[in-house]
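Worksheet for the structure shown next.
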Amino acid sequence: EQAGKGEYDHFMHKEIHEQPTALAQAIEGRIDHGSGRIALEDFEPGTFEGIESVQLVACGTSYHAALYGSLALNAAGIRATALLANEYSVSAPPVDDDTLVIAVSQSGETADTLNALRQARASGARTLTLTNVVGSTAAREADDALFIRAGPEIGVAATKTFSSQAVMLLLLAQRLADDVRGEPHADLDSLLPELAAMPDRIDAILEASTADRVARRYADSESYFFIGRGLGFPVALEGALKFKEITYEHAEGFASGELKHGPLALVTPETPVFAIFTGEEDEKTLKNAEEAQTRGAPVVAVCPEDHRAVAVADDHLRIPETDADLAGLLANVQLQLLSYHAADLLDRPIDKPRNLAKSVTVE
Ligand code: AGP
46 EQAGKGEYDH FMHKEIHEQP TALAQAIEGR IDHGSGRIAL EDFEPGTFEG IESVQLVACG
106 TSYHAALYGS LALNAAGIRA TALLANEYSV SAPPVDDDTL VIAVSQSGET ADTLNALRQA
166 RASGARTLTL TNVVGSTAAR EADDALFIRA GPEIGVAATK TFSSQAVMLL LLAQRLADDV
226 RGEPHADLDS LLPELAAMPD RIDAILEAST ADRVARRYAD SESYFFIGRG LGFPVALEGA
286 LKFKEITYEH AEGFASGELK HGPLALVTPE TPVFAIFTGE EDEKTLKNAE EAQTRGAPVV
346 AVCPEDHRAV AVADDHLRIP ETDADLAGLL ANVQLQLLSY HAADLLDRPI DKPRNLAKSV
406 TVE
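Numbering-wise (our numbering), the sequence shown opens with residue 46 and increments by one.
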């Protein structure tokens with residue numbers, strides 16, 4: 046087992062460091078820089094013509110990627126909703142043959158996600174699986190499959206696959222907009238070079254991260270809060286899930302604007318607030334963070350060096366400047382490192398947290 050970890054003590058740490066390669070593999074050959082179009086191998090141009098709405102079904106970290114994808118799809122002018130696969134049997138919105146249901150699953154074997162996929166198929170929806178595992182049940186059972194090509198992920202805590210799922214959903218959003226409305230939505234002239242630069246930007250974070258120091262500074266806290274807005278919201282949820290999963294400490298993720306609607310009652314000097322800034326209404330997120338700071342909570346800003354939040358915050362986890370569509374994914378790498386180092390300090394069994402399985406094959 047140690048051989049598989051290479052120079053790292055844990056698979057999770059190795060897999061965090063594999064993200065530049067994983068993302069390069071995910072986008073390789075899928076962007077036609079000449080035409081500025083997204084080329085998804087088995088999907089001829091026009092494949093998604095006629096799709097009226099998209100439902101993304103997933104669990105856990107994959108659900109957070111699905112939520113990220115649903116926001117990207119909506120921004121591209123495609124009606125999309127992310128749904129917890131385990132709730133789908135009791136709360137599925139109506140589907141018809143103009144609905145595309147996308148199962149997002151690293152393993153392609155999650156029972157809850159398979160159930161939602163089967164239900165969607167039986168109801169007449171068109172189905173697509175986004176997965177890391179070629180030949181998985183979800184890949185075989187959906188009408189179509191798209192692979193994230195992240196390479197094997199051994200650590201129970203999903204890391205590189207989240208980044209790859211989110212990037213693939215960004216590409217898919219552009220592709221759907223192109224097929225359905227005849228034009229990709231985002232300013233692809235700026236997004237595509239930023240996407241291509243993601244591996245280098247993540248490398249820069251991995252080389253210079255101070256997440257280990259920040260983890261040590263807040264090691265004795267009572268609870269850890271993560272806040273974000275827009276694409277920063279799924280990242281806040283993911284930051285908290287990762288933290289609780291491997292440290293066993295209490296952590297919650299909130300939409301920044303929700304703090305004042307209840308969670309603020311929990312805020313004390315013992316509850317650090319990690320604020321994610323993606324460039325989407327950052328001034329509001331900063332105000333929300335300051336509201337927590339006024340109640341004594343230390344604020345850790347996850348943002349670029351010259352961001353105005355740096356002067357306000359008690360600590361800073363730095364990310365390179367990039368497009369708002371991608372900033373949350375860079376912030377997420379810092380939060381993965383934070384969780385990893387916090388769990389390491391507590392001497393937790395990082396790759397195999399208690400009570401959890403890599404692939405949950407029961408309902
Ligand atoms: C994430 O760290 C967890 N291991 C878990 O939430 C996981 O993402 C979830 O069980 C879904 O798994 P899947 O992507 O293989 O479907």
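In this text, a Cβ means the ideal position worked out from N, Cα and C, and glycines have one as well.
Which residues mark the beginning and the end of the beta strand (DSSP E) in which residue 297 is found?
296-300
In this structure, how does DSSP classify residue 47 when only helix, strand and coil are distinguished?
helix
Checking 7 Å against the spacing of the C-beta atoms, do residue 222 and residue 230 come in under that value?
yes
So, for residue 144: in the same chain, excluding its five sequence neighbours on each side, which residues have a beta-carbon less than 6 Å away from its beta-carbon?
98, 170
What residues match up with residue 367 in a beta bridge as DSSP calls it?
Note: residue 367 sits in no beta bridge, so no partner.
Contact the region 377-387 vs the region 59-71: 3+ CB pairs below 8 Å:
yes
At least 3 beta-carbon pairs within less than 8 Å: the region 80-99 vs the region 243-259
no
Report buried or exposed for residue 205, applying the criterion of at least 16 other Cβ atoms within 10 angstroms of its Cβ.
buried
Does the distance between the C-beta of residue 202 and the nearest non-hydrogen atom of ligand 1 fall short of 6 Å?
yes
Inter-residue CB distance, residue 192 and residue 110 (contact presumed, cutoff 8 Å):
Actually they do not touch by this definition, with Cβ atoms about 14 Å apart.
Taking residue 64 as part of the alpha helix (DSSP H), name the residues at either end of that continuous run.
64-72
Buried or exposed: where does residue 235 fall if 16 or more other Cβ atoms within 10 Å of its Cβ makes it buried?
exposed
Please classify residue 140: is it buried, with 16 or more other beta-carbons within 10 angstroms of its beta-carbon, or exposed?
buried
Runs of 4 residues minimum, wholly inside the region 265-352: which ones carry the alpha helix (DSSP H) assignment?
277-292, 327-339
Using a Cβ-based criterion (distance less than 6 Å to any ligand heavy atom), does residue 146 qualify as near ligand 1?
no
Could you tell me the distance, in whole angstroms, from the CA atom of residue 188 to the CA atom of residue 78?
28 Å
Which ranges would you report for the beta strand (DSSP E) in the region 104-181 if only whole runs of at least 3 residues count?
124-129, 144-150, 171-176
8 Å CB neighbourhood of residue 390 in its chain, flanking five on each side removed:
260, 261, 264
Taking 6 Å as the cut-off, is the beta-carbon of residue 405 closer than that to any non-hydrogen atom of ligand 1?
yes
Excluding the five sequence neighbours on either side, which residues of its own chain have a C-beta within less than 6 Å of the C-beta of residue 244, listed in chain order?
65, 68, 69
Is the closest heavy atom of ligand 1 to the C-beta of residue 64 under 6 Å?
no
Output the boundary residues of the beta strand (DSSP E) element that contains residue 190.
189-192
From the DSSP output, in three-state form, read off residue 355 for me.
helix
Check: residue 105 C-beta below 6 Å from any heavy atom of ligand 1
yes
Residue 93 - containing alpha helix (DSSP H), residue span:
Looking at the DSSP string, residue 93 is not in any alpha helix (DSSP H), and its letter there is neither H nor E.
Out of curiosity, what's the CA-to-CA distance linking residue 283 and residue 377?
8 Å
At a cut of 8 Å, does the region 267-284 reach the region 396-407 through at least three beta carbon pairs?
no
May I ask you to verify whether the region 209-228 touches the region 115-131, counting CB pairs closer than 8 Å and requiring at least 3?
yes
What do you reckon, are the CB atoms on residue 320 and residue 285 nearer than 7 Å?
no
Starting from the C-beta of residue 416, find all residues in its chain whose C-beta is less than 8 Å away, skip the five residues before and the five after it, and write them out in chain order.
The structure shown does not extend to residue 416, since the chain is modelled only from 46 to 408, so the question has no answer here.
CB-CB length for residue 395 against residue 291, believed under 8 Å
5 Å
6 Å CB neighbourhood of residue 112 in its chain, flanking five on each side removed
127, 279
Do residue 190 and residue 172 come within 7 Å of each other at the CB atom, strictly closer than that value?
no
Quick one: does the C-beta of residue 182 sit closer than 6 Å to a heavy atom of ligand 1?
no
Going by Cα to Cα distance, which pick from 47, 164, 238 is closest to residue 417?
Absent from the structure is residue 417, since the part of the chain shown begins at 46 and ends at 408.
Is residue 209 a contact residue of ligand 1, with contact defined as CB to any heavy atom under 6 Å?
no
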